[in-house]
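Note sheet for the following structure.
Number of protein chains: 2
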Amino acid sequence: MKRERIEEIADLLDKRGKLTLEQLDDFFPDVSQMTLRRDLFQLEQQGRIIRVRGGAMSVKEVQKVSGEPYAKKQAIHTDEKIKIAQKAASLIEENSSLFVDGGTTAMYLAKEMPDLNIHVFTNGLAVAIELAQKKNLNVTVIGGQVLKDNLSTASPVARAYFDNTNFELAVMSASAFTPENGFSCGSQIEADLLKMVRSKAKAMYMMLDSSKIGKIMPYTFAHLEDIDVLITDENFPAELKELFTQQNIVVM
Amino acid sequence: MKRERIEEIADLLDKRGKLTLEQLDDFFPDVSQMTLRRDLFQLEQQGRIIRVRGGAMSVKEVQKVSGEPYAKKQAIHTDEKIKIAQKAASLIEENSSLFVDGGTTAMYLAKEMPDLNIHVFTNGLAVAIELAQKKNLNVTVIGGQVLKDNLSTASPVARAYFDNTNFELAVMSASAFTPENGFSCGSQIEADLLKMVRSKAKAMYMMLDSSKIGKIMPYTFAHLEDIDVLITDENFPAELKELFTQQNIVVM
DNA sequence: GAAGATATGTTAAAATTTTACATAGAAGTC
DNA sequence: GACTTCTATGTAAAATTTTAACATATCTTC
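So the protein sequences, as listed, match chains A and B.
FYI, the numbering used here numbers position 103 of the first sequence as 104, with every residue one higher than the one before it.
FYI, the numbering used here numbers position 25 of the second sequence as 26, with every residue one higher than the one before it.
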């Protein structure tokens, strides 16, 4: 009982990177904070986590930090993104082939992804490395020039990859959305890549946390009607939800 | 004055791994604890340290601990590899275009690489992420299926990348070398990729730490006479060195 | 040299962690 | 089955650390 809880805590920390004691308390409402503290203490002694004021952080997480912009970006709206990623992960089926983009939400999806016999294509380096930890899963990186701010790749040559590959599903996340301008991002070649993916995939799931609604980025890569499922959080406005459901898009 | 102190603190932490506030106070008796706290706070925001109860610890220190297979591999023969990587880095010239493979030695090369206006092609995800930290440098990842044990990619489609790209120089590292079997590695598609690179590059530098001499891996991707410069450590056998120099290969 | 910005010091308030002790349950022993 | 012992857990006060707020000093820049 104790062992399991400690493993769960370690898992949670590896996925989230960092947790406060309060957050941990929410996950384990039936034990006291003191018990959780003692668990953290044990994990610390095993060298698996580092205790910091207010909670603890995963050693793996620390290894990634270097003060880069990417690491900073990850900290924003974490909770919503994890929830969205969990919803998306629950939709992934065994023996399927799918594309995942390279954004931070996709990064969380990678962490939550079940270790099934599936093939994942991605243009995100961090996503790829995360997925490479899974035993049964197969990863292919779409190569190209590396965009430094989000560690994703994009290249016209990517087309070559898609000529001979097939995937049923594309799971994407956008940096911005309005009903008029659709889903947009900040890089042209990335938008081109995503459009290419869109034309290849049989189904499109879009992950969109509500903080991105109303924003517009320079390059639109998909419109409202292009997607099949919208995965979002509780703060998603009801009137927008209606707009999506009118187009037979599942909002979850 | 502040800047210096902060750098000193960072240095101390990198050397000691961890320091309490009291210890820091001993090092800097002429400023108050509060000032030191504020310094630590700044360093934390830069991602260079992690504040823990009572003091702080160096990120680098934390990075040493880990249980992942890739990280483990990194720990072996670290010192030699770093020295080799430094030698290789010193050969890189501004305004050039080069290929770097995805091995662990290449990873160190990425860390040591000068931040010049150069373009680097690589099939290593970790290498690419490391290089993406540099401001002036341009990185392109050769995509493909991700090999889980060394986080590099390989794919027949990679040819598409090389059709329209040029690089003067390829810097590679081998998993094994004997004079008879040449430079070899453990994956066929990786060997294919490297052979392709070899035919593209005008010059070839090989990084080879002496622990790999006498070993044979299944797939040979280059022979002794294919390379122009061999970068190795002090333990490199003299008789082999002669063999290389006879072929007009620079050994350093 | 004055106004504003930056750096530092001092102290009280807030928050977190530790300690110590109490209780409950599991495991073994006779 | 009752007893002891050990481990896990809970509770609350005590100790420590961190933060916040304000005061002072130092440095810039015009």
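We put the beta carbon where it would ideally sit given N, CA and C, even for glycine.
Here the structure is a predicted model, which is why all the values come from computation and not from measurement.
Residues of the region 183 to 210 of chain B in Cβ contact with chain A at a cutoff of 7 angstroms, in chain order, please.
none
Supposed contact pair serine 185 of chain B and methionine 208 of chain B - C-beta distance, whole angstroms, cut 8 angstroms
By 1-based counting over the second sequence, the position of residue 208 of chain B is 207. By 1-based counting over the second sequence, the position of residue 185 of chain B is 184. Their Cβ separation, rounded to whole angstroms, is 15 angstroms, which puts methionine 208 of chain B and serine 185 of chain B out of contact at 8 angstroms.
Taking just the CA atoms, how far does arginine 39 of chain A sit from alanine 86 of chain A?
Indexing the first sequence from 1 puts residue 86 of chain A at position 85. Indexing the first sequence from 1 puts residue 39 of chain A at position 38. The straight-line gap from Cα to Cα measures roughly 30 angstroms.
For lysine 19 of chain B, which residues in chain A fall below 7 angstroms Cβ to Cβ?
For the purposes of this step, residue 19 of chain B is taken as residue 18 along the second sequence, with counting starting at 1. The premise fails here: lysine 19 of chain B is roughly 10 angstroms from chain A at the closest Cβ pair, so nothing lies under 7 angstroms.
Just to confirm, are alanine 111 of chain B and leucine 132 of chain B a CB contact at a threshold of 7 angstroms?
Stepping through the second sequence from its first residue, residue 111 of chain B is reached at position 110. Stepping through the second sequence from its first residue, residue 132 of chain B is reached at position 131. In this structure, leucine 132 of chain B lies closer than 7 angstroms to alanine 111 of chain B by Cβ.
Where lysine 74 of chain B sits in the DSSP three-state scheme:
Residue mapping note: residue 74 of chain B aligns to position 73 of the second sequence, counting from 1. Residue placement at lysine 74 of chain B cannot be trusted, given a pLDDT of 43 that sits under 50; what the coordinates show is reported in the next sentence. Three-state DSSP puts lysine 74 of chain B in a helix.
Around the Cβ of asparagine 137 of chain A, are there at least 16 other Cβ atoms within 10 angstroms (buried) or fewer (exposed)?
In the first sequence, the residue the question calls residue 137 of chain A occupies position 136. Asparagine 137 of chain A comes out exposed.
Quick one: is threonine 21 of chain B buried, meaning 16 or more other Cβ sit within 10 Å of its Cβ, or exposed?
Numbered from 1 along the second sequence, position 20 holds the residue referred to as residue 21 of chain B. Threonine 21 of chain B comes out exposed.
If you drop the 5 nearest sequence neighbours on each side, which residues of the same chain put their C-beta closer than 7 angstroms to that of valine 128 of chain B?
Here residue 128 of chain B refers to the residue found at position 127 when the second sequence is read from its first residue. Closer than 7 angstroms at Cβ, skipping near neighbours: Val101, Gly103, Ala107, Met108 and Ala111.
Smallest Cα separation from alanine 204 of chain B: which of B/Asn182, B/Asp227, B/Asp210 and B/Ala155?
Here residue 204 of chain B corresponds to residue number 203 of the second sequence, with the count starting at 1. The candidate whose alpha carbon is nearest that of alanine 204 of chain B is B/Asp227.
Would DSSP call valine 230 of chain A helix, strand or coil?
In the first sequence, residue 230 of chain A corresponds to position 229, counting from 1. Correct three-state label for valine 230 of chain A: strand.
In the DSSP assignment, find the beta strand (DSSP E) that holds methionine 208 of chain A and state where it starts and stops.
As a position in the first sequence, residue 208 of chain A is number 207, starting the count at 1. First-last of the beta strand (DSSP E) with methionine 208 of chain A: 204 to 208.
Using the three-state DSSP reduction, which class does leucine 148 of chain A fall into: helix, strand or coil?
Taking the first residue of the first sequence as 1, we reach residue 148 of chain A at position 147. In this structure, leucine 148 of chain A counts as strand in the three-state DSSP scheme.
Applying a beta-carbon distance threshold of less than 9 angstroms, which residues of chain A neighbour tyrosine 109 of chain B?
Taking the first residue of the second sequence as 1, we reach residue 109 of chain B at position 108. Within chain A, no residue comes near tyrosine 109 of chain B; the closest Cβ sits about 15 angstroms away, beyond 9 angstroms.
Could you check whether alanine 202 of chain A and phenylalanine 237 of chain A sit closer than 7 angstroms to each other, using their CB atoms as the reference points?
On the first sequence, position 236 is the one that residue 237 of chain A refers to. On the first sequence, position 201 is the one that residue 202 of chain A refers to. Result no, Cβ atoms of phenylalanine 237 of chain A and alanine 202 of chain A do not sit closer than 7 angstroms.
Which residues of chain B have a Cβ atom closer than 8 angstroms to the Cβ of arginine 52 of chain A, listed in chain order?
Along the first sequence, one-based indexing puts residue 52 of chain A at 51. Neighbours of arginine 52 of chain A on chain B, chain order: Val53 and Arg54.
Use the C-beta contact count for isoleucine 232 of chain B: other C-beta atoms within 10 angstroms, 16 or more gives buried, fewer gives exposed.
Position 231 of the second sequence, counted from the first residue, corresponds to residue 232 of chain B. With 16 or more Cβ atoms within 10 Å of its Cβ, isoleucine 232 of chain B is classed as buried.
On a Cα-Cα basis, can you pick out the residue from A/Gly215, A/Asp210, A/Ser153 and A/Tyr206 that is closest to alanine 89 of chain A?
On the first sequence, residue 89 of chain A is found 88 positions in, with the first residue counted as 1. Among A/Gly215, A/Asp210, A/Ser153 and A/Tyr206, the Cα nearest to that of alanine 89 of chain A is on A/Tyr206.
For chain B, find out if any of its Cβ atoms is closer than 7 angstroms to the Cβ of leucine 126 of chain A; answer yes or no.
Against the first sequence, residue 126 of chain A aligns to sequence position 125. So, interface residue.
Give me the residue from A/Ile130, A/Arg17 and A/Thr36 with the minimum Cα distance to arginine 6 of chain A.
Walking along the first sequence from the start, residue 6 of chain A turns up at place 5. Nearest of A/Ile130, A/Arg17 and A/Thr36 to arginine 6 of chain A, Cα basis: A/Thr36.
Alanine 175 of chain B by DSSP, collapsed to three states: which one?
For this step, residue 175 of chain B is matched to residue 174 along the second sequence. Correct three-state label for alanine 175 of chain B: coil.
Quick check on this structure: which residue in B/Glu113, B/Phe178, B/Ile143 and B/Arg54 has the alpha carbon closest to the alpha carbon of valine 198 of chain B?
Position 197 of the second sequence holds residue 198 of chain B. Measuring from the Cα of valine 198 of chain B, the nearest candidate turns out to be B/Ile143.
Grab the span of the alpha helix (DSSP H) containing isoleucine 7 of chain B for me, first residue to last.
For the purposes of this step, residue 7 of chain B is identified with residue 6 of the second sequence, where counting begins at 1. Segment 3 to 17, the alpha helix (DSSP H) holding isoleucine 7 of chain B.
Hey, histidine 120 of chain B and serine 98 of chain B are a contact pair by Cβ (cut 8 angstroms); roughly how many whole angstroms apart?
Locating residue 120 of chain B in the second sequence gives position 119, where the first residue counts as 1. Locating residue 98 of chain B in the second sequence gives position 97, where the first residue counts as 1. Yes, histidine 120 of chain B and serine 98 of chain B are in contact; Cβ-Cβ is about 4 angstroms, under 8 angstroms.
Applying the criterion that 16 or more other CB atoms from any shown protein chain within 10 Å of the CB defines a buried residue, is phenylalanine 28 of chain B buried or exposed?
Numbered from 1 along the second sequence, position 27 holds the residue referred to as residue 28 of chain B. Exposed.
If you run the structure through DSSP and keep just helix, strand and coil, what is leucine 138 of chain B?
Counting from one through the second sequence, the residue named residue 138 of chain B turns up at place 137. Reduced to three states, the DSSP call for leucine 138 of chain B is coil.
Can you list, in chain order, the residues of its chain with a C-beta nearer than 6 angstroms to that of alanine 192 of chain A? Leave out the 5 residues immediately preceding and following it.
Numbered from 1 along the first sequence, position 191 holds the residue referred to as residue 192 of chain A. Once the five neighbours on either side are set aside, the close Cβ partners of alanine 192 of chain A are Cys186, Tyr220 and Phe222.
Mapping the DSSP letters down to three states, classify leucine 99 of chain B as helix, strand or coil.
Position 98 of the second sequence, counting from 1, holds the residue named residue 99 of chain B. In the structure shown, leucine 99 of chain B sits in a strand (DSSP, three-state: E or B).
Classification of asparagine 118 of chain A by the beta-carbon crowding that lies within 10 angstroms, buried from 16 upward:
One-based indexing of the first sequence puts residue 118 of chain A at position 117. Exposed, since its Cβ has fewer than 16 Cβ neighbours within 10 Å.
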